[in-house]
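Engineer: This is the structure I have questions about; it appears just below.
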Amino acid sequence: MWNECDAVPSSVTPDKRATVLLFMSKWANYTYREKTEWLHDAQFGVYRMFTQLGIPTRIICEDNLDEDLSGYRAIFRAFSPVELLSSSQRNKLEAVPLPTIIDVPSIPSFAANGKVISASGELGKVDISIEGPCPMPLDLSGFGSSYQHALSSTAGSQAAHKPGVVILGYPIGLVYLKGRDRDAQLALLTWALAGM
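Written as structure tokens, this is what we have:
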């Protein structure tokens, strides 16, 4: 008798150590679902970036935070502001023992008819917003002296990093899907992963 599991060779399953966890808060989806359509692009745009780069990815949400998530390559927190999580979920997310990339770490303000804003620095010139409805870039300057800053704009620091942590002040997935320069966004994500 044919078994559907037999149709997928075990070699297709990606190695856990090469896989990035992509955290998408269900609370972010509940919060923004009636106000905008950009959130899907902000979160799943990151998934599209990983597939474009050929990086195995596992999507998780708050329901997975009780699992043993050790052993993965890294965790990317895609537009999931911590204020939307309960304190217990926030603590579990912060305790995940993996290198971490975060975009938009806290609730931003929004522009209904935003214009393209660019940042520059050690990573060159990178767009950090799009035309039309878009979360406004967050200034990451206040993250403390343990962080170095790789991009800055009129809105302040847009990429802060220290060993094992990269924080972006804008939704990279949204700008990747709807912006002008996909290659610059892919280069930024590649840079962030290289520092892990």
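Once you know that position 96 of the sequence shown is 120 in our numbering, the rest is easy, because the numbers rise by one and skip nothing. A virtual CB, placed ideally from N, CA and C, is assigned to each residue, including glycine. Treat the numbers as computed from the prediction; the structure is a model and nothing was measured.
1) Taking the straight line between their C-alpha atoms, what separation do you get for Ile99 and Phe47?
2) Going straight from the alpha carbon of Cys158 to that of Gly95, what length do you get?
3) Taking a contact to mean a Cβ-Cβ separation below 9 Å, would you say Trp215 touches Leu122 in this structure?
4) I think Val128 touches Pro187, with their Cβ atoms under 8 Å apart; what is that distance to the nearest whole Å?
5) Are the beta-carbon atoms of Ile154 and Gln182 separated by less than 9 Å?
6) Note down the Cα distance separating Asn137 from Ser170, rounded to an integer number of angstroms.
7) Using only CA atoms, which one of Gln76, Arg114, Arg97, Met73 lies nearest to Cys85?
8) As a quick exercise: from Leu217, Asp87, Ser49, Gly156, pick the residue whose alpha carbon is nearest that of Val189.
9) Where does Asp151 sit, in a helix, a strand or coil, going by DSSP?
10) Is DSSP giving Lys186 helix, strand or coil here?
11) Excluding the 5 residues flanking Gly180 on each side, which residues of the same chain have their C-beta closer than 6 Å to its C-beta?
Structural biologist: Taking the geometry as given:
1) 7 Å
2) 34 Å
3) no
4) Incorrect: roughly 22 Å between the Cβ atoms, too far for contact.
5) no
6) 35 Å
7) Arg114
8) Leu217
9) strand
10) strand
11) Asp163, Ser165
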